[in-house]
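S.K.: Take the sequence shown: its position 290, counting from 1, is numbered 287 in our numbering, and each next residue is one higher.
Got a structure for you, written out below as structure tokens; questions coming shortly.
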Amino acid sequence: MTDFDVVTGAFSYSGAAIARELQAAGRRVRTLTGHPGRASAADGIEVRPLDFTDPAALAQSMRGAGTLYNTYWVRFAHGDVDHPVAVARSRVLFQAAVAAGVQRIVHVSITNPSADSPYPYFRGKAAVEQALRDLRVSHAVLRPAILFGGDGVLINNIAWLLRHLPVFAVGGTGEYRIRPIHVDDLARLAVRAGNSAASEVIDAVGPERPTFLALVQTIKAAVGSRSQVVRVPGALIPAAGRLLGLALRDTLLTTEEYRAMADGLADTDGPATGETALSQWIADHEDTLGRVYANELTRHFR
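Spelled out as structure tokens, the structure:
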């Protein structure tokens, strides 16, 4: 049995949680990362470059590994990298893993991917899952909707906006539901899947299914916000998101993200596979939640 596993992006968000879970289980972790400067000796993680232009080097970096835990993706197009590019890069990564003799791949996808989706993000995720199936390697696919916990962006930034804006706009009825899962619950699912031999697809979702409006109201109450929560036509939300993004020098919310959520793609009907209740987590972190804005562009591109 091999004594180490490979995690893409072990200094990022979900990748870091998976790396911690593996180390807690006694596994040695090697990461493929585009941010080697974030490494420290205290991490105890071996660092290799995530260079999609050099498949041979990728394969060499993974040679001898038991499992590849893949969290690589792009939330939105930036520079010359868009979702089709991310799909092509994922294929390169998977093929390199097979060439390296990796025994199993655990891939983090998204709820409700579809080759017929009107949204490039969800079409791209479906294409990556298909690329993995085509390789006929032992694998598991985890499908989370929205992650929270740790230094996650979405819940924190909703809280930040509620602390700072006099009005918080919710698109449409706000009655579309979400199935958030704590990032550590996702990590536990990932490591459990890595220790299995079954090729499987798992909806990685928590025990609660709040509407988006209810989520905002829960966060508002927790942080003591005086912001007025109002419903507005959904068509206004992308423009509002762009304006706020310009002010914050960030990509706050894309048109695709809002429309997909409003279409119910952040929800599933299946049983909970995570244990942590979002409402309780918000209550436990009410004093610190949203105190500092989490800038997505700064984290990944600056």
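The C-beta atom is built at its ideal place from N, Cα and C for all residues, glycine as well.
Given the structure is predicted, the values throughout are model-derived calculations rather than measurements.
Under a three-way DSSP split, which group does Leu139 fall into?
M.R.: As a position in the sequence shown, residue 139 is number 142, starting the count at 1. Three-state result, Leu139: strand.
S.K.: In the DSSP assignment, the alpha helix (DSSP H) including Val125 goes from what residue to what residue?
M.R.: For the purposes of this step, residue 125 is taken as the residue at position 128 of the sequence shown. First-last of the alpha helix (DSSP H) with Val125: Pro117 to Asp131.
S.K.: Beta strand (DSSP E) containing His179: first to last residue?
M.R.: Sequence index remark: in the sequence shown, residue 179 carries index 182 (1-based). His179 -> beta strand (DSSP E) spans Pro177 to His179.
S.K.: If you reduce the DSSP assignment to three classes, tell me which class Gln214 lands in.
M.R.: Here residue 214 refers to the residue found at position 217 when the sequence shown is read from its first residue. Helix.
S.K.: Give the straight-line distance between the Cα atoms of Ala14 and Val103, rounded to the nearest whole angstrom.
M.R.: Counted from its first residue, the sequence shown places residue 14 at position 17. Counted from its first residue, the sequence shown places residue 103 at position 106. Their Cα atoms are separated by approximately 14 Å.
S.K.: Here's the rule: buried if 16 or more other CB atoms are within 10 angstroms of the residue's CB, otherwise exposed. What is His75?
M.R.: Position 78 of the sequence shown, counting from 1, holds the residue named residue 75. Per the 10 Å Cβ criterion, exposed.
S.K.: What number of angstroms, rounded off, separates the C-alpha of His179 from the C-alpha of Leu151?
M.R.: Locating residue 179 in the sequence shown gives position 182, counting from the first residue. Locating residue 151 in the sequence shown gives position 154, counting from the first residue. The alpha-carbon atoms of His179 and Leu151 are separated by roughly 12 Å.
S.K.: Got a sec, what are the start and stop residues for the beta strand (DSSP E) Pro46 sits in?
M.R.: Residue mapping note: residue 46 aligns to position 49 of the sequence shown, counting from 1. Where Pro46 is concerned, the enclosing beta strand (DSSP E) stretches over Ile42 to Pro46.
S.K.: For Leu151, name the three-state secondary structure that DSSP assigns.
M.R.: As a first step, residue 151 must be located in the sequence shown, where it is residue number 154. In this structure, Leu151 counts as helix in the three-state DSSP scheme.
S.K.: Could you spell out the range, first to last residue, of the alpha helix (DSSP H) harbouring Gln57?
M.R.: Indexing the sequence shown from 1 puts residue 57 at position 60. Here the alpha helix (DSSP H) through Gln57 covers Pro52 to Met59.
S.K.: Would you decide whether Arg88 is buried or exposed? Buried here means 16 or more other CB atoms lie within 10 Å of its CB.
M.R.: Counting from one through the sequence shown, the residue named residue 88 turns up at place 91. Buried: at least 16 other Cβ atoms inside 10 Å.
S.K.: Within the continuous alpha helix (DSSP H) that includes His282, where are the two ends?
M.R.: Taking the sequence shown and counting its residues from 1, the one referred to as residue 282 is at position 285. From DSSP, His282 is part of no alpha helix (DSSP H); its letter is neither H nor E.
S.K.: Give every residue of the same chain whose Cβ lies closer than 8 Å to the Cβ of Asn154, excluding the five residues on either side of it in the sequence, and list them in chain order.
M.R.: Taking the sequence shown and counting its residues from 1, the one referred to as residue 154 is at position 157. Taken in chain order, the residues that qualify are Leu249, Gly287, Tyr290 and Ala291.
S.K.: Where DSSP assigns a beta bridge to Gly168, which residues make up the other side?
M.R.: For this step, residue 168 is matched to residue 171 along the sequence shown. Val229.
S.K.: If we ignore side chains and look at the alpha-carbon of each, how far apart do Ala16 and Ala195 end up?
M.R.: In the sequence shown, residue 16 corresponds to position 19, counting from 1. In the sequence shown, residue 195 corresponds to position 198, counting from 1. Whole-angstrom Cα-Cα distance: 21 Å.
S.K.: Can you name, in chain order, every residue of its own chain whose Cβ lies under 7 Å from the Cβ of Gly242, other than the five neighbours on each side?
M.R.: Counted from its first residue, the sequence shown places residue 242 at position 245. Here the set comprises Thr248 and Leu249.
S.K.: Let me know the secondary structure DSSP gives Ala201 once reduced to three states.
M.R.: In the sequence shown, residue 201 corresponds to position 204, counting from 1. Looking at Ala201 - three-state DSSP - the assignment turns out to be strand.
S.K.: Just tell me which of Arg174, Leu183, Ala128 and Ala123 has its CA closest to the CA of Leu139.
M.R.: The count along the sequence shown starts at 1 and reaches residue 139 at position 142. Of the listed residues, the one whose Cα sits closest to Leu139 is Leu183.
S.K.: If you drop the 5 nearest sequence neighbours on each side, which residues of the same chain put their C-beta closer than 7 Å to that of Pro163?
M.R.: Taking the first residue of the sequence shown as position 1, residue 163 is located at position 166. If we look at Pro163 and ignore the five residues flanking it on each side, its Cβ neighbours are Ser224 and Gln225.
S.K.: From the DSSP output, read off the bridge partner residues of Arg174.
M.R.: For the purposes of this step, residue 174 is identified with residue 177 of the sequence shown, where counting begins at 1. Paired residues: Thr208.
S.K.: How long is the line joining the alpha carbons of Pro110 and Pro33, rounded to whole angstroms?
M.R.: Your numbering for residue 110 matches position 113 in the sequence shown. Your numbering for residue 33 matches position 36 in the sequence shown. Approximately 31 Å between the Cα atoms of the pair.
S.K.: Sorry if obvious, but does the Cβ on Asp2 come closer than 8 Å to a heavy atom of the ligand NAP?
M.R.: By its list of ligands, the structure shown contains no ligand whatsoever, and the ligand NAP lies outside what it can speak to.
S.K.: Could you tell me the boundaries of the beta strand (DSSP E) in which Arg25 lies?
M.R.: Along the sequence shown, read from residue 1 onward, the residue named residue 25 stands at position 28. Run containing Arg25: Arg25 to Thr30, per the beta strand (DSSP E) assignment.
S.K.: Take Phe73 and list the residues in its own chain whose beta-carbon comes closer than 6 Å to its own, dropping the five residues that flank it on each side.
M.R.: Within the sequence shown, the letter at position 76 stands for residue 73. Closer than 6 Å at the Cβ level, and outside the excluded window around Phe73, lie Thr248 and Thr251.
S.K.: Go to Ile107, then tell me how far its alpha helix (DSSP H) extends in each direction, as first and last residue.
M.R.: Position 110 of the sequence shown, counting from 1, holds the residue named residue 107. No alpha helix (DSSP H) contains Ile107, which DSSP labels as neither H nor E.
S.K.: Would you call Phe298 buried or exposed, if buried means 16 or more other Cβ atoms sit within 10 Å of its Cβ?
M.R.: To locate residue 298, count along the sequence shown from 1; it is residue 301. Exposed.
S.K.: Is Val89 helix, strand or coil by DSSP?
M.R.: Taking the first residue of the sequence shown as position 1, residue 89 is located at position 92. Helix at Val89.
S.K.: Measure from the alpha carbon of Ser135 to the alpha carbon of each residue in Ser106, Arg176, Gly191 and Thr265, then state which is nearest.
M.R.: The residue labelled residue 135 in the question sits at position 138 within the sequence shown. It is Gly191.
S.K.: Would you kindly work out how many angstroms separate the C-alpha atoms of Arg24 and Arg256, rounded to a whole number?
M.R.: For the purposes of this step, residue 24 is identified with residue 27 of the sequence shown, where counting begins at 1. For the purposes of this step, residue 256 is identified with residue 259 of the sequence shown, where counting begins at 1. Their backbone Cα atoms lie some 40 Å apart in a straight line.
S.K.: Please return the same chain residues whose Cβ sits closer than 7 Å to the Cβ of Ser193, not counting the five positions on each side in sequence.
M.R.: Within the sequence shown, residue 193 is the residue found at index 196, counting from 1. For Ser193, where only same-chain residues beyond five positions count, the Cβ hits under 7 Å are Ala137.
S.K.: Rounded to whole angstroms, what's the CA-CA distance from Phe119 to Ala112? Just pull it up for me.
M.R.: Residue mapping note: residue 119 aligns to position 122 of the sequence shown, counting from 1. Residue mapping note: residue 112 aligns to position 115 of the sequence shown, counting from 1. Rounded to the nearest angstrom, the two C-alpha atoms are 8 Å apart.
S.K.: Grab me the residues of Leu210's own chain with a C-beta within less than 7 Å of its C-beta, minus the 5 sequence neighbours each way, in chain order.
M.R.: Mapped onto the sequence shown, residue 210 falls at position 213. Val167, Gly171 and Glu172, listed in sequence order.
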